[in-house]
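Just so we're aligned: 16 in numbering that gives the first Met the number 0 is position 17 of the sequence shown, and the numbers increase by one with no gaps anywhere.
Written out below as structure tokens is the structure these notes cover.
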Amino acid sequence: MLDGLAPDFVGLNLIMPFGSPLTTGDLLDTPPVSDLQFVIRFKNSNGDITAQMNGSGSISAVPIPAAAWLFGTGLLGLIGFNARKKKA
């Protein structure tokens, strides 16, 4: 609860460019999600809806090479830390 307001409803819709795989029957070849929409609705202590936030945005993929380099560097750091710990 924030200043007498409590979240009442939070909704998130992921929008696929070619329809839902559940309605097209194409679960193995799912198209990428391109956009999202969200709704957050707040109620006051009387139960009245006082504020509603709507928004939308685009979704982009995280580049795999950058994520792999970051993971690899962290993994090497943990291996080095473990080797140093065993040596001492």
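The beta-carbon is built from N, C-alpha and C at its ideal position, and this holds for glycine as well.
Please determine, among the options, the residue with the shortest C-alpha to C-alpha distance to residue i.
i: residue 39; options: 7, 68 and 84; result: 7
i: residue 56; options: 62, 42, 35 and 44; result: 35
Starting from the C-beta of residue i, find all residues in its chain whose C-beta is less than 6 Å away, skip the five residues before and the five after it, and write them out in chain order.
i: residue 10; result: 38
i: residue 82; result: none
Using a Cβ-Cβ cut-off of 7 Å (strictly less than) and excluding sequence neighbours within five positions of residue i, which residues of its own chain qualify?
i: residue 70; result: none
i: residue 86; result: none
Which two residues bound the contiguous alpha helix (DSSP H) that contains residue i?
i: residue 79; result: 63-86
Any heavy atom of the ligand NAP inside 7 Å of the beta-carbon of residue i?
i: residue 80; result: No copy of the ligand NAP appears in this structure; indeed no ligand is present at all.
Tell me which residues share the same chain as residue i and place their Cβ nearer than 8 Å to its Cβ, disregarding the 5 neighbours each side in the sequence.
i: residue 53; result: 36, 37 and 38
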